Every structure is written in structure tokens, then in C-alpha cells.
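Here my numbering is used: the first residue of the sequence shown is 1, the next is one more, and so on.
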Amino acid sequence: MARGLIIFGFGYCANNLLQNSNDWDGNILVVTRNHEKISFLRKKGIEVCHWSDKDYVKGCLKKTGTILVSVPPVGNTDPVIASFADFFSELPKRSKFIYLSSTGVYGDHQGNWVNESSSLKPKTQLGIDRLNAERAWKNLVEKFGVKLIIMRLAGIYGPGRSPIEKLQKGEARVIRKPGLLFSRIHIDDIVGLIKLCLERDDIFGTYNICDNKPASSETVIKEAARLINVDFPEPISPEKLSLSKVALGFYSESKKVSNKKLLEDFRYRMKYPDYVSGLKAIVDKLKSS
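Okay, here's the thing in C-alpha cells:
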């Protein structure tokens, strides 16, 4: 990356991205509202500023090449647009935005395949908010004449965030609902794809970020239990649990997400093309640590 990068938000994706940032040719600034994360990043030698330091952010925008937005919407509002939209006129014309969205914008497709041209019909509030945020970003980049890459992330898993750790802690729940399918993506592949977006100027538009093998959560947890040789939890139907409205919405939507466009345009080979290889890598890493 020849130019600077500004990252809004510092969650699981941004953290893993920065762990692989030593070979980048460019400055990195993280903008966050979390004071603990500011202290953590400063100890790591990473440039960081608080969300409220808008003058500093404005100055950095004049020399940045890419803005990575990893902040979820708050209700019907995108926090980055709400706080910083007026400053984006400072961006160099060759700049680009990478917005981390969600495959939740597709809503329920009754287990059928979806691609980037499929109808967007979210019913959950989270899905609706994500779709509204996508539209807001499209309107904004059109106004300022810069590029936008929307990365619709499937269910994210990786070290510290997988069924392996939940099984080890005795916290895994197997929720059985016939025909309920999800797509996933390993954090290492997310990082690899974001880095490609930073390096290449020919990538823009909307992409599904998922692996090659959709599956039920029951199937994935069963494989995780096999890998670490623990008992498979007794499956439970969603109706028998006191789930939150958000969780109930999650289990009401079924789809298989296609990554064909991603693989063709990015010319990318998945490090973990399915949950089987991804879970095995997590177990191998735990054994070696």
C-alpha cells in the first residue's frame, strides 16, 4: 500500500488486519471511541486517535489513500457518515472506501443460493440497518467521486471466535432447525482480501465475502466436537430456548451465499475454503501454542 490507511473502528477484523501490517508501505491511523483500545494500540506503536479529535482526523484525510469502515450502524444511522461526512471532501480523488457490511442484507431466501444481484429483503432490524448503511455509503462516494468496495461478510470465525473455544468452555449450543443454512468466512481470508483491496486499484463494487461451503450450525459444531474429541451437545430447537429478538431473527433466515464473483474478480485462492479446513487450523494452532 503506497498511501495511508485510516481505519474507523477497532474490532475483531481490524485487530487481525493490523497484526499483519508490518509489511505495508504506508501510514496507518485507527480512529476509535474506546479509550481502552486507544491505550492498547499506543502500546503497540500504532497511531490512534479518539473519535472526537476531528481536526486531527481531517488533517489525516488529506493524505490518505484508503478508508476502512468497520463500524456497525447504530439504528438507522452510520456513525462514520454522521460524524465525518463533511470532511471527506478533503480526500484525494484517487482515494477509496472499504465498507465492511453483512450478508444479512439478503434476508431469508429459504436455503437457496444468493449472489450480489439477488434481491435484498432483510426482515431483521440488523439487516435493515446494514442495507440502509450500504445505501448511505453509495450516495456519499457518488457525491465525492471516489471508489467504494462493499464487503458483505458472512459469519466470521477464527482463533478465539469459533465453536472450538465454545465447546472447550462448555458454552456451545446446538440449535437444530431443518433446512437452516449459513455461510461463513475465516478471519485470515478476510484479512487477505482486505489487503488485496488495499493493493489493487481495479477492485470496486459489492462482493460477498464467504467460503465455498455453506452448512448448518449443527454440522459445523459436530465437526468441531470431532476435532477436539468432546461430546456433541444435545440439539435444541429455537422454540425451546429463550432467545433474544436478535437471535430469533438470526435463526429465521436461511441462504447459501455464492462467492463466485469474489473469486473471479480478486483472483484469490481461499486459505480456508470451508469450515473443515478452517476449524482444523484453529485446533492445530491451539495445540502448538
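Note that the Cβ used here is the ideal one computed from N, Cα and C, for glycine as well. Please read these numbers as outputs of a predicted model, since none were measured by experiment.
Proximity below 9 Å, CB of residue i to CB of residue j
{"i": "I194", "j": "C13", "result": "yes"}
{"i": "L248", "j": "P214", "result": "no"}
{"i": "G111", "j": "G179", "result": "yes"}
{"i": "A224", "j": "A172", "result": "yes"}
{"i": "S183", "j": "T103", "result": "yes"}
{"i": "G4", "j": "G65", "result": "yes"}
{"i": "G11", "j": "S70", "result": "yes"}
{"i": "V174", "j": "I221", "result": "yes"}
{"i": "V146", "j": "R94", "result": "yes"}
{"i": "I164", "j": "I282", "result": "yes"}
{"i": "K138", "j": "P92", "result": "no"}
{"i": "F88", "j": "L140", "result": "yes"}
Those residues which DSSP pairs with residue i across a bridge
{"i": "E47", "result": "L29"}
{"i": "T103", "result": "DSSP output for T103 lists no bridge partner at all."}
{"i": "G4", "result": "T64"}
{"i": "L153", "result": "S102 and I209"}
{"i": "G158", "result": "R161"}
{"i": "K96", "result": "T66 and K147"}
{"i": "V74", "result": "T77"}
{"i": "K256", "result": "W113"}
{"i": "I190", "result": "For I190, which the question treats as bridged, DSSP gives no partner whatsoever."}
{"i": "I175", "result": "I236"}
Element boundaries [alpha helix (DSSP H), containing residue i]
{"i": "V141", "result": "Q125 to F144"}
{"i": "S83", "result": "P79 to F84"}
{"i": "L120", "result": "L120 -> no alpha helix (DSSP H), and no H or E assigned at all."}
{"i": "R226", "result": "S217 to I228"}
{"i": "I185", "result": "From DSSP, I185 is part of no alpha helix (DSSP H) but of the beta strand (DSSP E) over R184 to H186."}
{"i": "V246", "result": "K245 to F250"}
{"i": "N15", "result": "Y12 to L18"}
Where the beta strand (DSSP E) through residue i begins and ends
{"i": "N208", "result": "G205 to I209"}
{"i": "Y275", "result": "Counting along the chain, Y275 falls outside any beta strand (DSSP E), though it belongs to the alpha helix (DSSP H) covering Y275 to S288."}
{"i": "L262", "result": "Where L262 is concerned, there is no enclosing beta strand (DSSP E), although the alpha helix (DSSP H) it sits in stretches over K260 to F266."}
Candidates the options, of which the one nearest residue i by Cα
{"i": "L68", "options": "S252, I7 and F87", "result": "I7"}
{"i": "E134", "options": "V48, T77 and S217", "result": "T77"}
{"i": "P265", "options": "N208, N212, V146 and E239", "result": "Residue identity check: residue 265 is Asp in the sequence provided, not Pro. Residue N208 is the option with its Cα nearest to D265."}
{"i": "I228", "options": "L196, N139 and K287", "result": "K287"}
{"i": "K54", "options": "L29, P72, F40 and K222", "result": "L29"}
{"i": "S254", "options": "P122, S83 and L18", "result": "P122"}
{"i": "D189", "options": "R176, S162 and C210", "result": "C210"}
{"i": "I38", "options": "G9, L167, A85 and K58", "result": "G9"}
{"i": "S237", "options": "Y251, K245 and V230", "result": "Y251"}
{"i": "S118", "options": "Y268, W51, V257 and D86", "result": "V257"}
{"i": "F84", "options": "G107, V114 and Y56", "result": "Y56"}
{"i": "Q19", "options": "L41, R226, H35 and G170", "result": "L41"}
{"i": "F232", "options": "L140, E47, S217 and F88", "result": "S217"}
{"i": "G170", "options": "V141, K280 and V230", "result": "V230"}
{"i": "F144", "options": "K166, D86 and R226", "result": "D86"}
{"i": "R176", "options": "V141, I156 and T219", "result": "T219"}
{"i": "K280", "options": "R226, A136 and K240", "result": "R226"}
Cut-off 6 Å between Cβ atoms - residues of its own chain near residue i, not counting five sequence neighbours on either side
{"i": "T206", "result": "E116 and I150"}
{"i": "N16", "result": "I187 and V191"}
{"i": "P73", "result": "D129 and A133"}
{"i": "S101", "result": "R130, E134, I150 and R152"}
{"i": "W113", "result": "K256 and S258"}
Cutoff 7 Å; reference residue i; Cβ partners in own chain excluding five residues on either side
{"i": "N212", "result": "N259, M270, P273 and D274"}
{"i": "C197", "result": "I98, I149 and I203"}
{"i": "E90", "result": "K58, L61 and K62"}
{"i": "V80", "result": "F8, V69 and V71"}
{"i": "K245", "result": "none"}
Own chain, CB closer than 8 Å to residue i, minus 5 neighbours either side, in chain order
{"i": "R161", "result": "Y12 and I187"}
{"i": "N34", "result": "F10"}
{"i": "D108", "result": "K121, K123, S252, E253, S254 and K255"}
Heavy atom of the ligand GDP within 8 Å of residue i beta-carbon
{"i": "D129", "result": "Among the ligands in the structure shown, none appear at all, so the ligand GDP cannot be discussed."}
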